[in-house]
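Undergrad: In terms of the working numbering, the sequence shown has 30 at position 21, counting the first letter as 1, and numbering is strictly consecutive. The beta-carbon is built from N, C-alpha and C at its ideal position, and this holds for glycine as well.
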Amino acid sequence: MQRFLFLILLISSLFLGNSLVMGTESSIKVLEKEGIGKYLADSSGKTLYWFKKDSPGKSACMGPCIERWPIFYVENISVPKGINKEDFGTITREDGKKQTTFRGYPLYYWINDKQAGDTTGHGVNNVWFVINPDTFPPK
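1) Out of curiosity, what's the CA-to-CA distance linking T99 and G44?
2) Determine the direct distance from the alpha carbon of Y58 to that of V133, and round the result to whole angstroms.
3) Tell me the rounded alpha-carbon separation between R112 and G66.
4) Which residue's Cα is closest to the Cα of T109: G46, V136, A50 and G91?
5) Going by DSSP, what residue range makes up the beta strand (DSSP E) through E41?
6) Could you check which residue in S68, K61, S36 and R102 has the C-alpha nearest to that of S53?
7) For the alpha helix (DSSP H) containing I75, name the first residue and the last one.
8) Report buried or exposed for T56, applying the criterion of at least 16 other Cβ atoms within 10 angstroms of its Cβ.
9) DSSP puts Q108 in a beta bridge; with which residues?
10) Go ahead and label N27 buried or exposed: buried means 16 or more other beta carbons lie within 10 angstroms of its beta carbon, across all protein chains shown.
11) Would you please state the rounded distance, in angstroms, between the beta carbons of K47 and D143? I believe it to be under 8 Å.
12) Rounded to whole angstroms, how far is the Cβ of Y117 from the Cβ of W78, which I believe are closer than 8 Å?
As structure tokens, then:
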């Protein structure tokens with residue numbers, strides 16, 4: 010019985026350890042969808058958005074806005090070929106939380122995107138948009 014419990018604990022700790030290691034470095038993906046074009050997503054394929062009212066290095070999304078548009082933050086980013094890692098950075102928001110940026114602009118999720126590849130936040134109120142790395146920021 011003790012051997013069985015030890016084996017379960019060993020397997021569990023290995024699985025948990027791998028999950029923690031995998032969670033310390035997140036990657037960015039570039040996905041593409043008809044009607045949207047190329048866009049940035051996190052390592053699980055969840056779409057990342059930018060807010061037209063933000064400025065480089067500063068988020069304008071506070072309070073109830075963050076409940077609908079959760080911040081995206083990872084400490085270490087790996088990027089696919091063709092994307093410059095130096096385009097990503099981190100800001101400390103007015104609420105004290107850290108947020109990952111792309112070319113200076115804070116990155117967000119949309120609460121109504123339920124699965125990888127959803128882009129239902131694109132165009133919301135004409136101020137929320139996916140990020141095409143080839144043309145961002147728009148002029």
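TA: In short, the structure shows the following:
1) Position 90 of the sequence shown, counting from 1, holds the residue named residue 99. Position 35 of the sequence shown, counting from 1, holds the residue named residue 44. Cα to Cα, T99 sits roughly 30 Å from G44.
2) Numbered from 1 along the sequence shown, position 124 holds the residue referred to as residue 133. Numbered from 1 along the sequence shown, position 49 holds the residue referred to as residue 58. When rounded, the distance between both Cα atoms is 11 Å.
3) Walking along the sequence shown from the start, residue 112 turns up at place 103. Walking along the sequence shown from the start, residue 66 turns up at place 57. Going from the Cα of R112 to the Cα of G66 covers about 9 Å.
4) Locating residue 109 in the sequence shown gives position 100, where the first residue counts as 1. Checking every option, the nearest Cα to that of T109 belongs to A50.
5) Position 32 of the sequence shown, counted from the start, is the residue given in the question as residue 41. Where E41 is concerned, the enclosing beta strand (DSSP E) stretches over K38 to K42.
6) Within the sequence shown, the letter at position 44 stands for residue 53. Nearest option by C-alpha distance: S36.
7) Numbered from 1 along the sequence shown, position 66 holds the residue referred to as residue 75. First-last of the alpha helix (DSSP H) with I75: P73 to R77.
8) As a first step, residue 56 is located in the sequence shown; it is residue number 47 there, counting from the start. Buried, because 16 or more other Cβ atoms sit within 10 Å of the Cβ of T56.
9) On the sequence shown, position 99 is the one that residue 108 refers to. According to DSSP, which records beta bridges pairwise, Q108 is partnered with I100.
10) Taking the first residue of the sequence shown as position 1, residue 27 is located at position 18. Note that N27 scores 35 on pLDDT, short of 50, meaning its location in the model is unreliable; the coordinates nonetheless yield the value given after this. Per the 10 Å Cβ criterion, exposed.
11) One-based indexing of the sequence shown puts residue 47 at position 38. One-based indexing of the sequence shown puts residue 143 at position 134. Contact flag correct, Cβ pair sits at about 6 Å.
12) Taking the sequence shown and counting its residues from 1, one reaches residue 117 at position 108. Taking the sequence shown and counting its residues from 1, one reaches residue 78 at position 69. About 4 Å; that satisfies the 8 Å criterion.
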